[in-house]
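Before any comments, here is the structure.
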């Protein structure tokens, strides 16, 4: 089976529309989203624009705030502070990657947890660890949505996550644990990775290497979610060898997989944040 | 090999003494610790008293604040607020378990992250998830201290944690990942648990069932850390069958294992919190 991200995104879109309708009935203003973009990373710009475009489609007042690449951590933090206290802003994001001279952790910690769009503030990550999923990073949540939409059993299943970042692997491990999966988190220092993937019902791969996951690492009838995004000869590919794996397992393609769902989940989070912020 | 918690606690005690000396050189006051005890759970009282006693031994001004078991969540939160703003209090804790009518999550969230003694505030759990270990829950940290003291290799090793709570299993998974272990988190819904434990270099068990982990679940020359505390015929035992397992693997006993280290780590955290709070 091919796990089609566009179909799942369409499903999340239904929730977006419904919540937006409720919002419009209740309030006379629009949800307001601001994302801070430092410098001009081209990939990051394309991604931010597509998010903004998607939000506007549903009536969100969304805007990129462009900051010069030479901005200091202090000044970026002041800008976030300004957005934090601004009653007319409901949801905030900071586009990654930030220039090297900026202290990413200090910046992320500054975002008001209630306005945090991508669940990266430590308070929200800690809530997730405690079982509260009100502000979850969008990429891990998109993985779960994919699996749930296609009714892949999570309870009691063995899940192998190949990624241990705070953006993907660690929050995703929490989400799977909340759903009664048994979770193994793997990374570059893991020994006998093949053995672990071969024993898994579900494999999530996010390593940034094309064809990292190949068919002899994957069990018959298991499920693979590919979170990788790699550019080869101007073509976007994931971390899994789609052609060979799709013959024996269910798999999400790249493009057309998790990414599409992520964008729609961010839009939904902006609406939910606006609901909470206005209360 | 027997992993002796008293030996490891002694080692942590050296750090406690050193930091306390530094504290006394720098400041003319004592670190001040307050723990809120709601009701009179006997086990909880014994545990709180032993913590207080240990702290006082090193010159910490430590006190149990006894609250009536009928106190409301609101009133408990007000009390925490009072301690949060009190400049003369550096470190706070709330003893568990709380009476059923109290909203544990709301209470924990209220503790000022800087004064949080057991790293249970979501902000601190989120910091841990992000790789910052400045406020870590004491029990998981004690597990790591045990292994590190006995120079058990963590990097690249396969770790099986049988517990998925926010107090033990989840924070412990983060600590192991920070040290390049490959981590599998198991629980009551895990299938083929034996298979998983048998493949592991290190097993941490915390399920609250005597003899839950038996020798045929454990690989030759692996390491078992027993976090269980069970009372049988007025005798304290862990979750692992110590006698049989100790013949083939390294193991920490109960009592005399993780618990002793935990108490000393809490004392150390109170001093570190005082350093940060006074700054």
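Protein chains in written order, with our numbering: chain A, -5 to 273; chain B, -5 to 273. Just so it is clear, CB atoms sit at the ideal spot from N, CA and C, and this is done for glycine as well.
- For residue 238(A), no CB of chain B lies under 8 Å from its own CB, so it is not counted at the interface with that chain.
- The beta-carbon of residue 263(A) is placed no less than 8 Å from the nearest beta-carbon of chain B.
- In the structure shown, residue 44(A) adopts helical secondary structure according to DSSP, grouped into three states.
- Under the Cβ distance rule, residue 124(B) counts among the residues neighbouring chain A, one pair being separated by less than 8 Å.
- Straight-line spacing of the CA atoms in residue 63(B) and residue 79(B) works out to 24 Å.
- Rounded to the nearest whole angstrom, the CA to CA distance from residue 185(B) to residue 152(A) is 8 Å.
- By the neighbour-count criterion, in which 16 or more other beta carbons inside 10 Å mark a residue as buried, residue 210(B) falls on the exposed side.
- Residue 69(B) carries a helical assignment under DSSP once its states are collapsed to helix, strand and coil.
- Residue contact with chain B for residue 160(A): present (Cβ-Cβ distance below 8 Å to some residue of chain B).
- DSSP lists 28(A) as the beta-bridge partner residues of residue 57(A).
- CA-CA distance, residue 216(B) to residue 225(A), rounds to 43 Å.
- When secondary structure is reduced to three states using DSSP, residue 132(B) falls in the helix class.
- In the three-state scheme derived from DSSP, where H, G and I count as helix and E and B as strand, residue 18(B) is classed as helix.
- Contact annotation, residue 248(A) with residue 265(A): C-beta distance approximately 27 Å; criterion of less than 8 Å not satisfied.
- Taking a Cβ-Cβ cut-off of 7 Å, the neighbours of residue 117(B) in chain A comprise 116, 117, 120, given in sequence order.
- One alpha carbon belongs to residue 219(B), the other to residue 5(B), and they sit about 18 Å apart.
- Sequence-distant partners of residue 239(B) (beyond 5 residues in either direction) whose C-beta falls short of 8 Å from its own C-beta, in its chain, are 207, 208, 209, 212, 218, 245.
- Under DSSP, residue 105(B) forms no beta bridge with any residue.
- If only complete runs of 4 or more residues are kept, the region 162 to 214 of chain A shows the alpha helix (DSSP H) at 163 to 172, 187 to 192, in order along the chain.
- Exposed is the label assigned to residue 81(A), since fewer than 16 other Cβ atoms lie within 10 Å of its Cβ.
- For the 8 Å CB-CB criterion, residue 121(A) and residue 165(A) do not form a contact.
- At a cut-off of 8 Å between beta-carbon atoms, residue 92(B) makes no contact with chain A.
- In summary, residue 56(A) is buried, with 16 or more beta-carbon neighbours lying within 10 Å of its beta-carbon over all protein chains present.
- In the DSSP annotation of this structure, residue 63(A) is not part of any alpha helix (DSSP H), being labelled neither H nor E.
- The beta-carbon separation of residue 131(B) and residue 161(B), rounded to 6 Å, stays under the 8 Å limit for a contact.
- At a cut-off of 8 Å between beta carbons, residue 168(A) contacts chain B.
- In summary, the residues of the region 173 to 186 of chain B whose CB is separated from some CB of chain A by less than 9 Å are 174, 175, 176, 177, 178, 179, 180, 181, 182, 183, 184, 185, 186, in the order they occur in the chain.
- At a C-beta separation below 8 Å, residue 99(B) has these neighbours in chain A: 124, 126.
- Residues of chain B with a Cβ closer than 7 Å to the Cβ of residue 192(A) do not exist, since the nearest Cβ in that chain sits about 12 Å away.
- For residue -4(A), the CB contacts under 8 Å within the same chain, skipping 5 residues up- and downstream, are 240, 244, 245, 246, 247 in chain order.
- Spanning the alpha carbons of residue 0(A) and residue 269(A) requires a straight line of approximately 26 Å.
- Separation of the CB atoms of residue 87(A) and residue 112(A) is rounded to 6 Å, and the pair is thereby assigned contact status at 8 Å.
- In the DSSP assignment, residue 238(A) falls within the alpha helix (DSSP H) that extends over 236 to 239.
- Around the beta-carbon of residue 175(B), 16 or more other beta-carbon atoms lie within 10 Å, marking it buried.
- Residue 2(B) carries a helical assignment under DSSP once its states are collapsed to helix, strand and coil.
- In this model, residue 252(B) and residue 262(B) are separated by some 15 Å (Cα to Cα).
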